[in-house]
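The next block holds one structure in the form of structure tokens; read it before the comments.
Residue numbers (the numbering used here), protein chains in the order written: chain A, 2 to 447; chain B, 18 to 1035.
Below, the structure is given as structure tokens:
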């Protein structure tokens, strides 16, 4: 009861995500989308304004991404100003020296430098003495790359999903129709044949009418007995199975207030679980990361890559950029001024893994001491677009693992003595968690 | 012959022609039962909106719907921080050092916080002179989560903003210029506050500061000031004492601020054949008397003579013979002890206090420390009396009260009326107590866990107070208000830091001091001890020097639970049984058996075992306290009665906790001894007393011996293992042959044992409250306590001897022979003696290795752990209560009701605020399950996990239970006996070690140390 005090319990009914894996079978639409994409690509090439001398835009792009992208975006203000067409705004020589060491210019009192420095809240731009003038030219050339105009949403995701559903239905309906036709035809053929036979006076054996099967069955008391026992047993089996799943929420994947993709963060970007769930190493709870942890990265990542955005819209019907906006609203981050407004709206996540109060579980015991992979209990989180409960979290599931898993004694002075003595007692090389006392009631229930 | 008797049923039958008789013969019922009316009329039946069928349908549907709804879990939301504070890791406790200083209890403490909310108070082992963390200090965390607290400032009964409040106060203060305004405060013992108050007085010269200790030590202060030139109280180190003679001083209780049990217990453990000798002369049975080697019941007026005789300033003439004998022997022992002897007294008389002080000074007692005296009590009773009379007479025009509640605690009933008519009344209080509810302006103050502050409990020992949670309500510290009123824009925190850095730290680190919670420094700082030069006071009760002719002598005292009554709304403290009487939720007048029978007062047990008692009216001059329950107290000096302070509060105290009577109305002249008369009145009072049987009947429960036997004889003579018979051979019960069960193998890993030293246990009850806080033990209320349904996992049994001593009891029992003798003599042994020996024994689950409870559980809900703990799986328990019935120690507690979120039990677990105190690591039990002491398995598991995470072995000091951590005297020790370097292993090997009810063969993992009394009279 008490453990949840902080969580500010709010109870309503469970809700699950519909269409977790959206089928995308309309290849035509896909093709159309691809076409539109290539068309816009062509248009970029035509609008790129190249500076006078020969420059390598591609190199500029890679340089930009390596050195500048942490603070600058081409089209909007981040920590630093938007850089689109920056070559037109300033003298090239001035730019060279600014990029190589901006602070020196500010200190020397260059009016323009001071102005920019102040405009950007006095955030110090890193000096890049390693960039040559040619490199800077390349970067400047890259800054003329026009913003891609996002292709008009060709497919409404809802429509797409319902379309997919309909196509399934149609196929099913057609199949059913065909089957029905076949049956009708069969009956008709049979009738016609019989009529022909009658007309031709062909005699065919008229089966003697015996007792119907059901009557015979009822009359056979033994069969009835066996059958009813079987029926009762199987009913019991299924009833038991059904009742055992009560309260087990395996596969529970509730709709979260912000669509957070573990697939992108833990999978594509390979962020360590413990980066965000840092308390898993030292506390009983793994902890839902506070929003300031999100902002460590999302302060600069305000938009996802276009491919990711497109994938999100297509595969999951999610506008990732809008979800990032939700984070900004929650944490009170003003993108334009690149500052916190102080107006926060804490996010009410829906808790997925709910152990009952009478069961004590400690993450650090498993993560730090035993070195259990997070995936062992939480499943392939790095593939989950929407987080779901992977394991049943039942006592039997816990116990089985404790029976099978050897304790990790390496480099842990705590276990030295006890492991040596206990393994001698049980006559084993490696002790399981159960042998260490991991099955005792009081270890988890107090 | 058949009987011709005729049985008449009524007079009607006499009348032969009575129609009534005739009708009755025909009809059983005089009036026909109107069955037709509701069954015959089909229309109404059908018109009824609910037919029987419908009803069944509804029942069926709702049952089905409810069970279906239960199949789907609720959605639980988790709301993380937006910006997580660096120091908070959810699920990991943080500890902060702070100090409690509420004017009555002063202590350096550690506060355990979880997710930013304090959940438990612990001792600060770093602080050497940090006061004592007693039951009230442990319970103080719950007082913060009191839903009856003031939520903001008030002016004329209306909620206002702090700015408006300050405006109103400033206007009032300037309007009061030139008039007599009194700032009546508790003892702050705070250097920074003293400085602030003097700054405030400079700005408003018409304000005078008077310190008011609700329970006064004024006479002792006066005496000390006269002897040593400083207003303070001497400090005592009883561990250095060989002979302690106390005349009416309950120094193990709250005498002069209390907190002496730790040093006392140190000297009470026999070391090298020596322990201190403690002789107590007292009227009420106090904790000190209960722990004494020799206790002599003496009325207060005789106590004065005893004191004078002891110090050679008077004769013993007029004293009873036994007292004279005791005085002479004590005098001889004191003389022998020389500088290692000490006399202390609790008599509210300057002369008496001076006598004791000068005796200790003359013999050069090493026990008394006057160099670094205590500063936690500063009140001057005569000044306070002047203020009280000034308000009543109208000479005092304004009263600002801080941390005190004079309307409740002043003895003069006229004060309340006069207070209402004051020109200015301003109260700083945490809740709308009696004073605050009458004041024109009320400043809502934060709890000490929400405040900044400092305290100098003892000269040279400074403590810091820091907030451990953001203020729960719109409160402001009195000190911050003072800063505002003196025109400063500083926060008290800055002021405090500056004053520490400039005057106390002397180059030391502020951060370190804040981290430790205390700081030792020899600097001189301003104290509350200001005011009058004269030591002449009118408070000492001279009349008591002569025995009174009629009536009784009342000694007012404070109980372990409520103390001076500030925390009356704390259910933990209300439910804590008094260590002596074992009654909870009450105060009562304690009367000696002899006086009771004279006045026809009685105590008796009703059918369910609960205790009932008579009522009396207590009269003192014109003052009458009506309907005070009577408790017959063994050991109460004949001719004396006792009554506890702190009860009878009404304002800001919830209905259930408005218990007892207000003893402050009898606190005339702030003297704890008064002459009263008792008058029996009708009615029977129902006590909630948890111990129904007061004597041991000579059984082997608490083992006791004398120092002489302990030193000279073998262990077998005084601490023998009980023998049992096997094949007509006597074998010790500990032998494997005497065993029904297979032995558990505890040789590998940890094996936890708990040691309880009965010599060191003073019965203070701190462990009980610590256990409450740690284990979410519910509060059940008075009615349930009365039915012996208390939920305390840890109880402190108190036994009285029925003869003069426990050994005499045993002797008597052993010599009983024959049916007649056993009937009468066992009957006699149920009654405590007039002046019994007393012994305390904390009893919790004994964690038997051969546990009777485990074998009878039909669902295996209770089982044995490899680490020695007897484990209880609540979620497996079906509530058969077989285990409780089979437990020889009666330590299992059954949840008869749901005690949380249940309006029937409207205590802290029934409101959101109160539930904040719950320990998130321990589940709150539901109705119908058994619970009991778990040996704080959550704490041992945490210690093990911490070690595992760091990859190291567990240190001995890391294993603790809530009770062992709370034990001020070190009586309770916990540890791993497989670690042969551990403290508890050594204790287990000690020859004083024994198991409770060892003869039963349960092989407990809790063991006790035989109590040794120093009966040497020469």
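A virtual CB, placed ideally from N, CA and C, is assigned to each residue, including glycine.
- [ ] Could you tell me how far apart the beta carbons of residue 473/B and residue 251/B are, in whole angstroms, since I believe they sit closer than 8 Å?
- [x] Going by Cβ atoms, the distance from residue 473/B to residue 251/B rounds to 16 Å, so no, they are not a contact pair.
- [ ] Could you give the DSSP three-state label for residue 179/B: helix, strand or coil?
- [x] helix
Task: Between the CA atoms of residue 458/B and residue 288/A - distance to the nearest angstrom - done: 45 Å
Task: Reference residue 256/B; option with closest CA among 34/B, 386/B, 138/B - done: 386/B
Task: DSSP beta-bridge partners of residue 361/B - done: 263/B
Open item on the list: Taking 8 Å as the cut-off, does the segment 931 to 943 of chain B touch the segment 591 to 604 of chain B (at least 3 CB pairs, one atom from each stretch)?
Closed with: no
TODO: For chain A, find out if any of its Cβ atoms is closer than 8 Å to the Cβ of residue 863/B; answer yes or no.
DONE: no
Open item on the list: List, in chain order, every chain B residue whose beta-carbon is nearer than 9 Å to that of residue 352/A.
Closed with: 92, 93, 94, 95
- [ ] Look at the alpha carbon of residue 1035/B and the alpha carbon of residue 270/B, and state the distance between them as a whole number of angstroms.
- [x] Their backbone Cα atoms lie some 28 Å apart in a straight line.
Open item on the list: Taking the straight line between their C-alpha atoms, what separation do you get for residue 326/B and residue 809/B?
Closed with: 45 Å
Task: residue 83/A and residue 90/A closer than 8 Å at C-beta - done: No.
- [ ] Count the other CB atoms, across all protein chains shown, that sit within 10 Å of the CB of residue 75/B; report buried if there are 16 or more and exposed otherwise.
- [x] exposed
- [ ] Can you have a look at residue 138/B and say buried or exposed, based on whether 16 or more other CB atoms are within 10 angstroms of its CB?
- [x] With 16 or more Cβ atoms within 10 Å of its Cβ, residue 138/B is classed as buried.
TODO: Check whether the segment 689 to 698 of chain B touches the segment 445 to 453 of chain B, taking contact to mean three or more Cβ pairs, one atom from each stretch, closer than 8 Å.
DONE: no
Task: residue 235/B - containing alpha helix (DSSP H), residue span - done: 235 to 245
- [ ] Below 8 Å CB to CB, which residues in the same chain sit around residue 584/B once its five sequence neighbours on both sides are set aside?
- [x] 153, 156, 157, 160, 590
Task: Any chain B beta carbon closer than 8 Å to residue 358/A - done: yes
Task: Among 188/B, 865/B, 490/B, nearest to residue 170/B - alpha-carbon criterion - done: 490/B
- [ ] Would you identify the three-state DSSP class for residue 407/A, choosing helix, strand or coil?
- [x] strand
Open item on the list: Rounded to the nearest angstrom, what separates residue 1026/B and residue 133/B at their Cα positions?
Closed with: 40 Å
Task: For residue 806/B, three-class secondary structure by DSSP - done: coil
Task: Any C-beta of chain B under 8 Å from that of residue 293/A - done: yes
- [ ] Measure the alpha-carbon distance for residue 249/B versus residue 764/B and round it to whole angstroms.
- [x] 55 Å
TODO: Could you name the residues that DSSP lists as bridge partners for residue 708/B?
DONE: Paired residues: none, contrary to the question.
TODO: Find out if the Cβ-Cβ distance for the pair residue 404/A, residue 369/A is shorter than 8 Å.
DONE: Remark: C-beta atoms of residue 404/A and residue 369/A do not approach each other more closely than 8 Å.
Open item on the list: With the cut-off set at 8 Å, would you say residue 704/B and residue 629/B are in Cβ contact?
Closed with: yes
Task: Separation of residue 659/B from residue 571/B, as counted between CA atoms - done: 5 Å
- [ ] Run the CB neighbour count on residue 340/A, radius 10 Å, all protein chains shown included, and call it buried at 16 or more, exposed below.
- [x] exposed
TODO: Please check if any C-beta of chain B sits within less than 8 Å of the C-beta of residue 375/A.
DONE: no
Open item on the list: If the criterion is Cβ atoms closer than 8 Å, does the pair residue 223/B and residue 194/B meet it?
Closed with: Taking 8 Å as the Cβ cut-off, residue 223/B and residue 194/B qualify as a contacting pair.
Open item on the list: Once the 5 residues before and after residue 485/B are set aside, which same chain residues still bring their CB inside 8 Å of it?
Closed with: 113, 115, 128, 130, 135, 466, 467
Open item on the list: For a contact defined as C-beta to C-beta under 9 Å, what are the partners of residue 951/B on chain A?
Closed with: 443, 447
Open item on the list: Are there any heavy atoms of the ligand SAH lying less than 7 Å away from the beta-carbon of residue 956/B, as far as the coordinates show?
Closed with: Within the structure as shown, the ligand SAH is missing, as the structure has no ligands at all.
- [ ] Apply the 10 Å Cβ neighbour rule to residue 443/B and answer buried if 16 or more other Cβ atoms are within range, or exposed otherwise.
- [x] buried
Task: Under 7 Å from the C-beta of residue 968/B: neighbouring residues of chain A - done: 412, 413, 414, 415
- [ ] Kindly list the residues whose CB is nearer than 7 Å to the CB of residue 845/B, restricted to its own chain and excluding five residues on each side of it in sequence; keep chain order.
- [x] The residues are 819.
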